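I have placed the structure first, in the form of structure tokens, so that the comments after it can refer back to it.
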Amino acid sequence: YRIDPRLEHYACIVDLLGRAGKLVEAYEMIKAMPMEADLFVWGALLGACRNHGSMELARIAAERLAELEPENSGNVLLMSSLYANAGSWESVVRMKKMIKKKKKLRKFTGSSWVDTV
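In the UniProt record's numbering, the protein residues as written are 1 to 117.
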């Protein structure tokens, strides 16, 4: 079909690999991408790490998300949740303190809707 892959395609593949539990393969693909990964690519990996409990790759993805979007507290909260699931309560406390210390962190509100017939 001669379609040049764009970031959206890579984000979808990372999400699919992550859902299949192939986190290392997803990370290797991110590293091999011909362009810089964006929020959606790293977010897909971080979400998969949460679902499969991979703390090592979660830290990498969270660091990259923090670099790309430092004002979003959701990324820090997700990492805190990962630490809690792993039983690393000292890290949870450290992350919560980080949120309180950095007053510029803010929570982005989301929205959704349902069409009814």
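Glycine included, every Cβ here is placed at the ideal spot set by N, Cα and C.
As the structure is a prediction and not an experimental result, all values here were calculated from the model.
- Short of 6 Å from the beta carbon of Lys102, and not among the five residues preceding or following it, lies no beta carbon of its own chain.
- At a cut-off of 4 residues, the continuous stretches assigned as alpha helix (DSSP H) that sit fully inside the stretch 61-104 are 73-86 and 89-101.
- Contact fails between the stretch 60-73 and the stretch 83-90, because fewer than three Cβ pairs, one in each stretch, are under 8 Å apart.
- The Cβ-Cβ distance between Leu23 and Ala61 does not fall below 7 Å.
- Counting along the chain, Glu36 sits inside no alpha helix (DSSP H), nor does DSSP assign it H or E at all.
- If you compare the alpha carbons of Tyr1, Lys97, Ala11 and Asn75 with that of Met35, the shortest gap goes to Ala11.
- The C-beta distance from Ala44 to Asp15 rounds to 4 Å, short enough to fall under 8 Å.
- For Gly21, the secondary structure class from DSSP, reduced to helix, strand or coil, is coil.
- When the beta-carbon positions are compared, Asn75 and Ala84 stay at least 7 Å from each other.
- Lys100 and Ser54 have their C-alpha atoms roughly 26 Å apart.
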